[in-house]
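A.B. asks: If you read the sequences in order, they're chains A and B.
Residue 430 in our numbering sits at position 152 of the first sequence, with consecutive numbering throughout.
Residue 72 in our numbering sits at position 46 of the second sequence, with consecutive numbering throughout.
Just so you know, even glycine gets a beta-carbon here, dropped at the ideal spot from N, CA and C.
One structure follows; several queries about it will come next.
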Amino acid sequence: MTTPTPTMAVRVLRAPRTRRPALLWTISLCVLVAITAAALLAPLVAPYDPDHVDFSAIYASPSPAHWLGADGLGRDTLSRLIYGARTALLGPLIVVIASTVVGILLGLLAAWRSGWIDAILGRVFDVLFAFPSLLIAIMAVALFGKGLVAPVIAMSIAYAPFVARLTRSLVIAERNRPYVAAYRVQGFGGGWIALRRVLPNVSPIVGAQSTLNFGYVLAELAGLSFLGLGVQAPTADWGAMINEAQAGIVGGHLLPAIVPAVAVVIVVVAVNIVGEELSERIGGGRA
Amino acid sequence: MLGKLGSLLLTLFLASLLVFFSRFLVPGDPIDFLLRGRKPNPEAIAELTKQYGLDLPPWQQYLNWVVGILHGDFGRSLQYRQDVSTVIGERLPVTFGLVVMAGLIITVVGLAAGIVAALNKGRLLDRAILILLTVLAAIPSFVGSIVLIGVFAVQLGWFPSFGSGSGFVDTIYHLILPSIALAIVFIVLIGKVTRTSMVDQLGREHVEVATSRGLPRATVIRRHVLRNAIGPILTVSGVLVAGLLVASTIVESAFGLAGIGSLLVQSVDRLDFPVVQAIVLLVVAAFVVVNAVVDVLEPVIDPRSAAGAGAR
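Structure, rendered in structure tokens:
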């Protein structure tokens with residue numbers, strides 16, 4: 279087992295030697311880049327204003343004018359999909375970054391200082407594990423009101439213990455390595471070693487694992503908007519779009535609901551393939 | 027050293043603190059918070075003050091709340107003007123049926139997928155199952171719900187799209203699509219854990235010994251592989267049940283089922299905090315109880331785990 283060294287970047291970029299076809303990972307990466315670009319450039323890419331109501335296009339089928347059809351208010355589904363990618367991607371991005379930063383720091387603290395800090399943090403994590411993340415998000419909405427802010431903060435808290443637990447186990451393994459002892463002998467302080475030498479060694483592994491959380495968070499936040507507790511209609515958001523399109527399903531108008539649903543599935547699959555490949559290459563089965 | 031059961035009880039206690047005192051995170055007068063969106067008539071204020079003991083110190087409020095719950099009293103619902111326990115009790119059977127049916131599907135399909143994949147490790151069938159699981163993992167319950175409704179309820183008309191029906195058989199019929207939608211993501215969890223656990227056991231020495239002694243393969247797998255592999259599968263069942271209860275919020279809302287999941291959403295929507303508190307606590311309690319049952323069952327299924335108790 280090799281120590282993650284500065285050659286990390288090289289190893290990540292190197293062609294995969296694993297059983298997974300490289301094609302799948304390339305496609306997934308391209309899909310994610312394309313969707314991110316579309317979200318960022320939404321006003322340029324989207325053919326219509328996402329909120330433009332056109333009564334002549336109600337439940338329009340796919341056509342050159344409306345590539346993915348239109349919804350019950352005649353709004354262009356493709357344009358709403360492109361604008362909806364913004365909230366759909368931004369929420370999970372914030373949750374993954376926040377939970378990773380907080381989790382790594384707490385995990386490092388627990389492993390490095392051990393003793394009562396470790397015990398208390400472990401207890402806190404155990405309690406949080408008893409709350410499924412979607413439940414914490416729903417409770418946050420009950421306390422602080424609908425929207426994306428409270429759920430995003432709540433989910434960051436809910437996911438941090440998973441990151442912290444992984445970090446803790448990695449740091450404990452790292453603590454006993456010769457290089458740490460070598461720094462100690464040379465008189466470097468424990469905090470310096472932890473933050474400047476151990477942290478850079480474990481954080482890529484943890485980060486790769488965290489990308490796998492992105493898909494789950496995206497699905498959960500979209501689910502929250504589907505329940506009407508997250509992003510509020512008429513804002514274009516994938517979960518909210520499905521919520522609004524629900525009424526049309528019984529009338530046989532499946533498309534406005536299916537399109538954002540398929541988008542969620544595609545992004546989650548792509549993120550999971552990329553995330554698994556990243557953990558495989560960086561972690562080398564250690565995580 | 028705290029036993030596993032003691033540790034679980036402590037978790038439940040700390041979780042109850044979190045659920046109760048979360049209300050104090052909201053700035054402002056608690057009366058305003060509880061009355062959001064309702065007419066603040068003096069009568070309601072007096073009732074709420076009495077119910078929550080808002081004039082008492084916080085720890086006393088908590089104590090009253092917990093003692094009430096231990097007596098089956100979860101307070102009163104603001105939207106229904108009924109006891110929370112009555113409101114929840116009326117809706118519990120639907121959620122219970124849904125979770126049990128989804129649990130059956132998950133157990134049967136998940137175990138089968140994991141076992142078949144493990145026995146064919148590295149072969150085409152294993153790869154196909156793994157790819158299928160990766161795709162299923164990306165189908166959240168709201169996507170599963172709308173696709174199942176769209177295809178099997180609306181287009182084909184084989185199943186109802188709304189409500190929970192009446193009578194035993196009709197209820198099961200109404201719950202088939204919802205339980206499938208609920209099960210999809212969790213099949214992946216059980217399938218993957220089963221496969222990993224089985225592959226681990228298949229590579230062990232005792233399995234080789236059993237095989238080399240000429241025991242039939244089916245016997246080896248049943249008695250030496252599956253039985254040893256069951257531990258890790260049981261371990262995730264607490265997470266599974268809590269996850270199912272929470273995911274049922276989405277499925278029940280999609281299928282118009284009157285269970286506690288849709289009640290939770292509706293209570294958040296109608297600012298009925300006492301009901302929200304009660305349901306959240308119930309989900310956590312379910313997690314704790316299932317974990318406790320697993321903890322008791324584990325030594326029965328796998329006597330070695332009694333010797334190594336404490337190590338998770």
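In the DSSP assignment, find the unbroken alpha helix (DSSP H) run with B:PRO17 in it and report its ends.
C.D. replies: With chain B covering 27 to 338 only, the question about residue 17 of chain B has no answer from this structure.
A.B. asks: Using DSSP's beta-bridge definition, name the partner residues of B:ARG102.
C.D. replies: Per DSSP, B:ASP109.
A.B. asks: In the structure shown, what three-state DSSP assignment does A:ARG295 receive?
C.D. replies: Note on A:ARG295: pLDDT 49, under 50, position unreliable in the model; the coordinate value appears next. It is coil, neither helix nor strand.
A.B. asks: Contact check, B:VAL110 vs B:SER103 under 8 Å by CB: the rounded distance?
C.D. replies: Confirmed, about 5 Å.
A.B. asks: Looking only at C-alpha atoms, which of A:GLY347, A:ASP327 and A:ALA397 sits nearest to A:ILE336?
C.D. replies: Among A:GLY347, A:ASP327 and A:ALA397, the Cα nearest to that of A:ILE336 belongs to A:GLY347.
A.B. asks: Taking only beta-carbon atoms, is B:GLY136 less than 8 Å away from chain A?
C.D. replies: No - not a single Cβ of chain A is within 8 Å of the one on B:GLY136.
A.B. asks: Please list the terminal residues of the continuous alpha helix (DSSP H) segment that includes A:ARG358.
C.D. replies: Per DSSP, A:ARG358 belongs to the alpha helix (DSSP H) from 355 to 391.
A.B. asks: Contact between the segment 204 to 215 of chain B and the segment 153 to 172 of chain B is defined here as three or more beta-carbon pairs at a separation below 8 Å; is this criterion met?
C.D. replies: The segment 204 to 215 of chain B vs the segment 153 to 172 of chain B: in contact.
A.B. asks: Give the secondary structure of A:ALA348 by DSSP, where H, G and I count as helix, E and B as strand, and everything else as coil.
C.D. replies: The answer is strand: DSSP assigns A:ALA348 an E or B state.
A.B. asks: How long is the line joining the alpha carbons of A:TRP470 and A:GLU452, rounded to whole angstroms?
C.D. replies: Looking at the two C-alpha atoms, the distance is approximately 15 Å.
A.B. asks: Taking the alpha helix (DSSP H) that A:GLY526 belongs to, which residues open and close that run?
C.D. replies: Segment 516 to 527, the alpha helix (DSSP H) holding A:GLY526.
A.B. asks: For B:VAL314 versus B:LEU74, is the C-beta distance shorter than 8 Å?
C.D. replies: It is not a contact, given that the beta carbons lie outside the stated cut-off.
A.B. asks: Between the alpha carbons of A:LEU367 and A:VAL480, how many angstroms are there, rounded?
C.D. replies: Spanning the two alpha carbons is a distance of roughly 26 Å.
A.B. asks: Find the nearest neighbour of B:ILE132 within the set B:ASP81, B:ILE198, B:ALA209 and B:VAL195, judged by alpha-carbon distance.
C.D. replies: That would be B:ALA209, whose Cα lies nearest to the Cα of B:ILE132.
A.B. asks: Starting from B:LEU19, trace the alpha helix (DSSP H) both ways and give me its first and last residue.
C.D. replies: Because chain B is modelled from 27 through 338, residue 19 of chain B falls outside the range shown and cannot be assessed.
A.B. asks: Chain C partners of B:GLY79, CB-CB under 7 Å?
C.D. replies: In the displayed structure, chain C is absent; the protein chains listed are A and B.
A.B. asks: Between B:GLU324, B:ASN317 and B:VAL326, which lies nearest to B:LEU35 when the distance is taken from Cα to Cα?
C.D. replies: The shortest C-alpha separation from B:LEU35 is found at B:ASN317.
A.B. asks: Can you tell me whether B:LYS218 is buried or exposed, with buried defined as 16 or more other CB within 10 angstroms of its CB?
C.D. replies: Classification for B:LYS218: buried.
A.B. asks: Whose C-beta lies closer than 7 Å to the C-beta of B:ARG221 among residues of the same chain, with five residues either side of it excluded?
C.D. replies: Cβ neighbours of B:ARG221 beyond the five flanking positions: GLY140, ALA143 and ALA144.
A.B. asks: Identify the continuous alpha helix (DSSP H) that holds B:GLY287 and give its terminal residues.
C.D. replies: Per DSSP, B:GLY287 belongs to the alpha helix (DSSP H) from 286 to 295.
A.B. asks: Name the two residues that bound the continuous alpha helix (DSSP H) containing B:TYR199.
C.D. replies: Counting along the chain, the alpha helix (DSSP H) containing B:TYR199 begins and ends at 194 to 228.
A.B. asks: Just verifying my parser: in three-state terms, what is the DSSP assignment at A:ALA497?
C.D. replies: Correct three-state label for A:ALA497: helix.
A.B. asks: Would you call the CB atoms of A:ALA428 and A:ALA418 closer than 8 Å?
C.D. replies: Yes, Cβ-Cβ distance for A:ALA428 and A:ALA418 is below 8 Å.
A.B. asks: Suppose contacts are defined by Cβ-Cβ distances below 8 Å. Is B:VAL310 in contact with B:LEU260 by that definition?
C.D. replies: No.
A.B. asks: Count the other C-beta atoms from every protein chain shown that fall within 10 angstroms of the C-beta of A:ASN550, then say buried if there are 16 or more, exposed otherwise.
C.D. replies: Buried, since its Cβ has 16 or more Cβ neighbours within 10 Å.
A.B. asks: CA-CA distance, A:VAL546 and A:SER306?
C.D. replies: The alpha-carbon atoms of A:VAL546 and A:SER306 are separated by roughly 10 Å.
A.B. asks: Can you say whether B:VAL326 is buried or exposed, counting buried as having 16 or more other CB atoms within 10 angstroms of its CB?
C.D. replies: So B:VAL326 ends up on the exposed side.
A.B. asks: Verify the CB distance criterion: does A:PRO410 have a CB-CB separation below 8 Å to chain B?
C.D. replies: So yes, A:PRO410 belongs to the interface.
A.B. asks: In chain order, what residues of the same chain have a beta carbon less than 8 Å from the beta carbon of A:GLY350, not counting five sequence neighbours either side?
C.D. replies: So the qualifying residues of the chain are ILE336, TYR337, GLU522, ALA523, ALA525, GLY526, HIS531 and PRO534.
A.B. asks: Taking the CB atoms as reference points, tell me whether A:LEU505 and B:VAL291 lie closer together than 8 Å.
C.D. replies: Their beta carbons are under 8 Å apart, which means A:LEU505 touches B:VAL291 by this criterion.
A.B. asks: Is any beta-carbon of chain B found at less than 8 Å from that of A:GLN524?
C.D. replies: For A:GLN524, the answer is yes, since a Cβ of chain B falls inside 8 Å of its Cβ.
A.B. asks: When you compare the CB positions of A:ALA415 and A:ALA432, do they come within less than 8 Å of one another, or not?
C.D. replies: It is a contact, given that the beta carbons lie within the stated cut-off.
A.B. asks: Please check the pair B:GLY264 and B:LEU201, which I expect to be a contact at CB under 8 Å, by giving their CB distance rounded to whole angstroms.
C.D. replies: Incorrect: roughly 23 Å between the Cβ atoms, too far for contact.
A.B. asks: Quick one: is A:ASN550 near chain B, going by C-beta distance under 8 Å?
C.D. replies: Taking Cβ atoms only, chain B reaches closer than 8 Å to A:ASN550, which makes this a yes.
A.B. asks: What does a CB cutoff of less than 6 Å around B:ALA273 pick up in its chain, not counting 5 residues either side in sequence?
C.D. replies: So the list reads SER167 and LEU208, once near-sequence residues are dropped.
A.B. asks: Quick one: residues in its chain with C-beta nearer than 6 Å to the C-beta of B:ASN146, no 5 flanking neighbours on either side, listed in chain order?
C.D. replies: ASP152.
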